[in-house]
Amino acid sequence: MSNTLLPMIPVKTWVDNSVEWITDTFEFVFDPIKNNLDSFIEFLSETLQMINPWIFIAVIAIIAFFVTGKRIGLAAFSIVGLWFILNQEMWEQLMDTFSLVITASLISVIIGVPFGIWMAKSNIVQAILTPILDFMQTMPAFVYLIPAVAFFGIGMVPGVFASVIFAVPPTVRFTNLGIRQVSTELIEAADAFGTTGIQKLFKVQLPMAKKTIMAGINQTVMLALSMVVIASMIGAEGLGKEVITALQRNDVGLGFVAGVSIVILAIVIDRFTQSLNTQKGE
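And the structure:
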């Protein structure tokens, strides 16, 4: 069909103008966020790097031992895996990546849990947020780098921004799901005892939904970690930057070591959060 019959909708122009307007109008908001968040990430990374690597590995192994019910598996894997990263001189990059993941995950949880509660309390809010969450989860992750750079420039902060957008939906969805799955009998019993809405939320619904919410947080943390390589394309430091450098130089060895290091970190974080979820749910 001829293009003259269907004139092109100027979506690209609308989006460009909107992003430019938001960037200029809310510069007074973006600049403090960038400066403060950048300082926090730098402080966190430097603090972690000040800890002796062997002490850090030992602490992680001890925590893993007790978190998994005094099983040796995760503790042994943590020791071997973290030693490998240290041996390959990737420790500083590991701490940068860890700082990025921690920051993005914390922000995602702080945003996601209240929105999940809001969704659970209102069918209208759920109807509005569900397609937005679908959009956030299906949009290619690389696309999030564009507004992140427009709003915050190059560095760790836009990497965190992109990671939060990409990683927050599971926490929102699982919080909503967990609260909605609380049995009506418990809700009716709480109402019969005259509990307020806040008391019912914090003493009945959230404790009963805790296992489901933790599963969502686990997914959020893993999605934040999956953005490491992508965020390195806009200046985020860490293991992802080593992968990008290896790709640019066609350095297979460096890429393999950095990739394995990311996998080790992912496995340790995943097993930790799963073990916490198991304990909370027992």
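Number 19 in full-length UniProt numbering belongs to position 19 of the sequence shown; there are no gaps in the numbering. Heads up, the beta-carbon is just placed ideally off N, CA and C, and yes, glycines get one too.
Exercise for review: Could you name each continuous alpha helix (DSSP H) segment of 4 residues or more that falls completely within the region 196-243, going from the start of the chain to the end?
Suggested key: Listed in chain order, they are 197-200, 206-226, 228-231.
Review point. Which runs of the alpha helix (DSSP H) spanning at least 4 residues fall entirely within the region 95-158, listed in chain order?
Key: Entirely contained in the region 95-158, the alpha helix (DSSP H) runs reaching 4 residues are, in chain order, 123-138, 145-152.
Check your understanding: Taking Cβ to Cβ, would you say residue 273 is nearer than 8 Å to residue 213?
Key -> Reading the sequence shown from its first residue, position 273 is the one you call residue 273. Reading the sequence shown from its first residue, position 213 is the one you call residue 213. It is not a contact, given that the beta carbons lie outside the stated cut-off.
Exercise for review: Quick one: using the 10 Å Cβ neighbour count with 16 as the cut-off for buried, is residue 39 buried or exposed?
Suggested key: Taking the sequence shown and counting its residues from 1, one reaches residue 39 at position 39. By the neighbour-count rule (16 or more Cβ atoms within 10 Å), residue 39 is not buried but exposed.
Practice item. Give the DSSP-derived three-state secondary structure of residue 10 in the structure shown. Key: Here the question's residue 10 lines up with position 10 in the sequence shown. For residue 10, the secondary structure class from DSSP, reduced to helix, strand or coil, is coil.
**Study point:** Contact set for residue 280: own chain, Cβ-Cβ below 7 Å, skip 5 residues either direction
**Key:** The residue labelled residue 280 in the question sits at position 280 within the sequence shown. Residue confidence for residue 280 is low, a pLDDT of 45 falling below 50, so the modelled location carries little weight; the figure read from the coordinates is stated next. Residues 210, 211, 214 of the same chain have their beta carbon placed closer than 7 Å to that of residue 280, with the five preceding and five following residues left out of the count.
Check your understanding: Whole alpha helix (DSSP H) runs in the region 251-276 with 4 or more residues, listed along the chain?
Key -> Within the region 251-276, no run of alpha helix (DSSP H) reaches 4 residues while sitting entirely inside it.
Exercise for review: Go ahead and label residue 119 buried or exposed: buried means 16 or more other beta carbons lie within 10 angstroms of its beta carbon, across all protein chains shown.
Suggested key: Translated into the one-based positions of the sequence shown, residue 119 becomes position 119. A residue is called buried once 16 or more other Cβ atoms fall within 10 Å of its Cβ, and residue 119 is buried on that count.
Practice item. May I have the straight-line CA-CA distance separating residue 130 from residue 169, to the nearest angstrom? Key: Here residue 130 refers to the residue found at position 130 of the sequence shown. Here residue 169 refers to the residue found at position 169 of the sequence shown. Our two residues, residue 130 and residue 169, have alpha carbons roughly 9 Å apart in a direct line.
Point to revise | Closest by C-alpha distance to residue 278, when choosing among 229, 84, 69 | key: In the sequence shown, counting from the first residue as 1, residue 278 sits at position 278. Among 229, 84, 69, the Cα nearest to that of residue 278 is on 69.
Exercise for review: Under 8 Å by Cβ, that's how I've got residue 88 and residue 261 pegged, so tell me the actual separation to the nearest angstrom.
Suggested key: Reading the sequence shown from its first residue, position 88 is the one you call residue 88. Reading the sequence shown from its first residue, position 261 is the one you call residue 261. About 7 Å separates the two Cβ atoms, so the contact holds.
Exercise for review: With hydrogens ignored, establish whether the beta-carbon of residue 102 is closer than 7 Å to any heavy atom of the ligand SAM.
Suggested key: Ligands displayed in this structure: none; no statement on the ligand SAM is therefore possible.
Check your understanding: From residue 29 to residue 270, what does the alpha carbon distance come to, in whole angstroms?
Key -> As a working mapping, residue 29 is identified with position 29 in the sequence shown. As a working mapping, residue 270 is identified with position 270 in the sequence shown. Our two residues, residue 29 and residue 270, have alpha carbons roughly 34 Å apart in a direct line.
Exercise for review: Say whether the region 225-232 touches the region 173-191, bearing in mind that this needs 3 or more beta-carbon pairs closer than 8 Å, one atom from each stretch.
Suggested key: Judged by pairs of C-beta atoms under 8 Å, the region 225-232 does not touch the region 173-191, as fewer than three such pairs exist.
Exercise for review: Mind reading off the beta-carbon distance from residue 81 to residue 257? Whole number of angstroms is fine, and I expect it under 8 Å.
Suggested key: Position 81 of the sequence shown holds residue 81. Position 257 of the sequence shown holds residue 257. A Cβ-Cβ separation of about 13 Å leaves residue 81 out of contact with residue 257 under the 8 Å criterion.
Check your understanding: In or out: residue 196 buried (at least 16 other Cβ within 10 Å) or exposed?
Key -> Position 196 of the sequence shown, counting from 1, holds the residue named residue 196. Exposed, by the Cβ-count rule.
Practice item. Could you pull out every residue in the same chain whose Cβ sits closer than 6 Å to the Cβ of residue 154, ignoring the five residues on either side in sequence? Key: Here residue 154 is taken as the residue at index 154 of the sequence shown, counted from 1. 234, 235.
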